[in-house]
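K.L.:
Got a structure for you, questions after.
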Amino acid sequence: MDNKKIRNFSIIAHIDHGKSTLADRILEFTNTIEKRDMQDQFLDTMDIERERGITVKSQAIRIMYKGHKLHLIDTPGHVDFSYEVSRALKACEGALLIIDGTQGIQAQTMANVYLAMETDVKIIPVINKIDLPGVKIEETKQEIYEELGYEEDEILLASAKEGIGIEKILDTIIERIPAPAGDEKKSLKALIFDSHYNSYQGVILYVRIIDGEINKEDKILLMGSQAKYEVHEIGIFEPKMKKVDKLTAGDVGYITAGIKDITKAKVGDTITSAENPVDKPLPGYREMIPMVYCGMYPTDNDRYNELRDALDKLALNDAAIRFEPDTSEALGFGFRVGFLGLLHMEVTQERLEREFDIDLVITTPNVVYKAYYEDGEVKEIHNPAQLDQSRLERIEEPYVKAEIITPDDYIGPIMKLCTDKNADHKGMEYLSSDRVLIKFNIPLRQIIFNFYDRLKSVSSGYASLDYDLIGYKESDLVKLTILVNKKPVDALTTIVHRDDAHYRGRQLARKLKEHIPRQLFKVPIQASIGKRVVSRVTVKALRKNVTSKCYGGDVSRKKKLLEKQKEGKKRMKKVGSVDIPQEAFLSILEVDDE
Numbered sequence: 001m002d003n004k005k006i007r008n009f010s011i012i013a014h015i016d017h018g019k020s021t022l023a024d025r026i027l028e029f030t031n032t033i034e035k036r037d038m039q040d041q042f043l044d045t046m047d048i049e050r051e052r053g054i055t056v057k058s059q060a061i062r063i064m065y066k067g068h069k070l071h072l073i074d075t076p077g078h079v080d081f082s083y084e085v086s087r088a089l090k091a092c093e094g095a096l097l098i099i100d101g102t103q104g105i106q107a108q109t110m111a112n113v114y115l116a117m118e119t120d121v122k123i124i125p126v127i128n129k130i131d132l133p134g135v136k137i138e139e140t141k142q143e144i145y146e147e148l149g150y151e152e153d154e155i156l157l158a159s160a161k162e163g164i165g166i167e168k169i170l171d172t173i174i175e176r177i178p179a180p181a182g183d184e185k186k187s188l189k190a191l192i193f194d195s196h197y198n199s200y201q202g203v204i205l206y207v208r209i210i211d212g213e214i215n216k217e218d219k220i221l222l223m224g225s226q227a228k229y230e231v232h233e234i235g236i237f238e239p240k241m242k243k244v245d246k247l248t249a250g251d252v253g254y255i256t257a258g259i260k261d262i263t264k265a266k267v268g269d270t271i272t273s274a275e276n277p278v279d280k281p282l283p284g285y286r287e288m289i290p291m292v293y294c295g296m297y298p299t300d301n302d303r304y305n306e307l308r309d310a311l312d313k314l315a316l317n318d319a320a321i322r323f324e325p326d327t328s329e330a331l332g333f334g335f336r337v338g339f340l341g342l343l344h345m346e347v348t349q350e351r352l353e354r355e356f357d358i359d360l361v362i363t364t365p366n367v368v369y370k371a372y373y374e375d376g377e378v379k380e381i382h383n384p385a386q387l388d389q390s391r392l393e394r395i396e397e398p399y400v401k402a403e404i405i406t407p408d409d410y411i412g413p414i415m416k417l418c419t420d421k422n423a424d425h426k427g428m429e430y431l432s433s434d435r436v437l438i439k440f441n442i443p444l445r446q447i448i449f450n451f452y453d454r455l456k457s458v459s460s461g462y463a464s465l466d467y468d469l470i471g472y473k474e475s476d477l478v479k480l481t482i483l484v485n486k487k488p489v490d491a492l493t494t495i496v497h498r499d500d501a502h503y504r505g506r507q508l509a510r511k512l513k514e515h516i517p518r519q520l521f522k523v524p525i526q527a528s529i530g531k532r533v534v535s536r537v538t539v540k541a542l543r544k545n546v547t548s549k550c551y552g553g554d555v556s557r558k559k560k561l562l563e564k565q566k567e568g569k570k571r572m573k574k575v576g577s578v579d580i581p582q583e584a585f586l587s588i589l590e591v592d593d594e
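Numbering (UniProt numbering), first residue to last: 1 to 594.
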């Protein structure tokens, strides 16, 4: 097919604005999916996506409509998965921007618009949920005009739930989104925008063909790794993988080439012909910087290698994951893993446990600090246990620029929440008569725990949040070490602000007391800064009444038995070990830090 008849587009939106539902209606309207096979959130293929009602992974599908090939790449909406959005946009010429007519423009809506503008794709704004009684169509149109500059006749109206406006959207995609500019007569040039691992076929590459064409048995070169392979299978997504004879300029599809070494096929790499390679690769993706790190350890240390292989395969599918080997005295061998946010971490943990059947112990998440030591050494601290407080000159923590969009009724509670979290207020502007954009610079460590939940709580669910890393700033931080039975547990060590250390230590010690089971001896739980203990609680011993068999006689017999028991408990405390359950390692997340 002539590439003038091809359209490549994404659907971008803030979370829960109806993006996946709109994709479902498009598939139904074009008869891409038989009615008997149709289900809600069709393109959300993972169980975790259906259970949580969110999109985690971008999904591609080919749609035939009015003699045109439409390649749809569905994208996530949550801020933690913005990297998936940027990758999908690189493979497209256009994007549908979905805006909930009852909520208007949200923080992540703006972030996705900026991503689309950076990629220079054509944006088609769509106001969704027009069937709902509380919809504010005119106000939302005015917001779109003021914030994004689109005139009223450029804005489409739709109800994804009821199927209203779907035909108009599809016609507008053909009319407004430009066809791919590639030339199939040129040498092969293709972008890898995603991939996954298959036990039989090896790495399956999801590609957008920019120039040239690719056929079965062609020799290809991956320009990043300089690895050469022979193509075994070519296909498209309809929505399941379907073999085809070739892919040409403008097409989106998949390639298998028996790639077993997953380090050879990086997302963002360029594929070209091994016999007639292009001069330079396509611009890849900007490297994503993990914002949150945690330790991941298999509950059975014999499965360390399995965990490493599983992380390798997930990193192939999710290029935003970073990991390196780590060891813990309490937990043995594992990995220090970096994520874009807490939701990203939770989803990855669930995928490892479900898809690879590995039981994990996860340590408390933390951000990356920069430690400046007196001898001039500068070190990035991924694990709080690495911080050497004795020779520390100063420590810097990451700050983010946060943007909160909220109805003006909630300005007061939100301002209080942000100032309680050590935020610097940077400005406020009205987007409409009753909607406000509030800007703050705030420490990332304050964002990653329960900030989002608290924000939703104080705003009755109406406020939305987007944030972006802006750099590092010096802070008065200290290492809070947790000792269980007088032994430091590196996996429970955390870094906190000095003013919060006593409170956090006390709260954490109490929380751990709830989770650590009672032993046959007393177990002290202490929180310390350096050598100074700031909090202590004790898990009481399980008591056995050793004098119950003494039903008479001299009292010295009872005293003798009690002394013997006392000596035994002292000896047991020296050699006994305390098993710390998984709940204890995540208990820091539950500590109320108001």
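No residue lacks a Cβ here, since even glycine has one placed at the ideal position from N, Cα and C. Only a predicted model underlies this, so the values are computations on that prediction, with no experimental measurement involved.
Which residue spans inside the region 131–217 form an unbroken beta strand (DSSP E) run of at least 3?
P.N.:
189–198, 202–211, 213–215
K.L.:
Just tell me which of Tyr-410, Gly-338, Leu-392 has its CA closest to the CA of Ser-459.
P.N.:
Tyr-410
K.L.:
Taking the C-alpha atoms as reference points, what is the distance between Ile-6 and Glu-138?
P.N.:
33 Å
K.L.:
The alpha helix (DSSP H) with Glu-93 in it runs from where to where?
P.N.:
Annotation: Glu-93 is outside any alpha helix (DSSP H) and is labelled neither H nor E by DSSP.
K.L.:
Using only the alpha-carbon positions, how far apart do Ile-11 and Lys-129 sit?
P.N.:
15 Å
K.L.:
Which whole-angstrom value describes the C-beta separation of Ala-402 and Tyr-467, a residue pair presumed to lie in contact below a C-beta threshold of 8 Å?
P.N.:
Under the criterion of beta carbons closer than 8 Å, Ala-402 and Tyr-467 qualify as touching, at roughly 4 Å.
K.L.:
With contact counted as at least three CB pairs below 8 Å, one residue from each stretch, are the region 240–252 and the region 267–284 in contact?
P.N.:
The region 240–252 vs the region 267–284: no contact.
K.L.:
Determine which residues share a DSSP beta bridge with Ile-418 and list them.
P.N.:
Here residue 418 is Cys; the residue named in the question, Ile, does not match the sequence. In DSSP, Cys-418 forms no bridge with anything.
K.L.:
I'd like to know whether the C-beta atoms of Phe-323 and Val-337 end up nearer to each other than 7 Å.
P.N.:
yes
K.L.:
Could you give the distance in angstroms between the alpha-carbon of Thr-140 and the alpha-carbon of Lys-379?
P.N.:
48 Å
K.L.:
So, helix, strand or coil for Gly-505, using DSSP?
P.N.:
Reduced to three states, the DSSP call for Gly-505 is helix.
K.L.:
Could you compute how far the alpha carbon of Glu-167 sits from the alpha carbon of Pro-178?
P.N.:
18 Å
K.L.:
Please report the distance separating the alpha-carbon of Phe-42 from that of Asn-422.
P.N.:
In this prediction, Phe-42 scores a pLDDT of 45, lower than 50, which makes its location untrustworthy; the coordinate-derived value is nonetheless stated afterwards. Note on geometry: alpha-carbon atoms of Phe-42 and Asn-422 lie some 42 Å from one another.
K.L.:
Should His-344 go down as buried or exposed, given a rule of 16 or more other Cβ atoms within 10 Å for buried?
P.N.:
buried
K.L.:
Below 8 Å on the Cβ atoms is my guess for Ile-405 versus Ile-105; work out the distance and round it to an integer in Å.
P.N.:
7 Å
K.L.:
Whole angstroms are fine: how far does the CA of Ser-273 sit from the CA of Asp-74?
P.N.:
29 Å
K.L.:
In the DSSP assignment, find the unbroken beta strand (DSSP E) run with Phe-333 in it and report its ends.
P.N.:
332–339
K.L.:
If you draw a straight line from the alpha carbon of Ala-509 to that of Pro-488, how long is it in whole angstroms?
P.N.:
13 Å
K.L.:
State the Cα-Cα distance for the pair Ala-249 and Ala-13, rounded to the nearest angstrom.
P.N.:
28 Å
K.L.:
Check this for me: beta carbons of Ser-477 and Ile-381, under 7 Å apart or not?
P.N.:
Here the sequence assigns Leu to residue 477, which means Ser is not the residue at that position. For Leu-477 and Ile-381, no; Cβs fall outside 7 Å.
K.L.:
Lys-69 to Lys-186, Cα distance in whole Å?
P.N.:
21 Å
K.L.:
Are Gly-212 and Leu-191 close, meaning C-beta to C-beta below 7 Å?
P.N.:
no
K.L.:
By Cβ distance below 7 Å, which residues in the same chain neighbour Arg-445 in space, the five residues on each side in sequence not counted?
P.N.:
If we look at Arg-445 and ignore the five residues flanking it on each side, its Cβ neighbours are Val-367, Glu-397.
K.L.:
How would you write the range of the alpha helix (DSSP H) that Gln-446 sits in, first residue to last?
P.N.:
Note, Gln-446: alpha helix (DSSP H), 444–448.
K.L.:
When DSSP labels each residue in this structure, what does Phe-440 get in the three-state scheme?
P.N.:
strand
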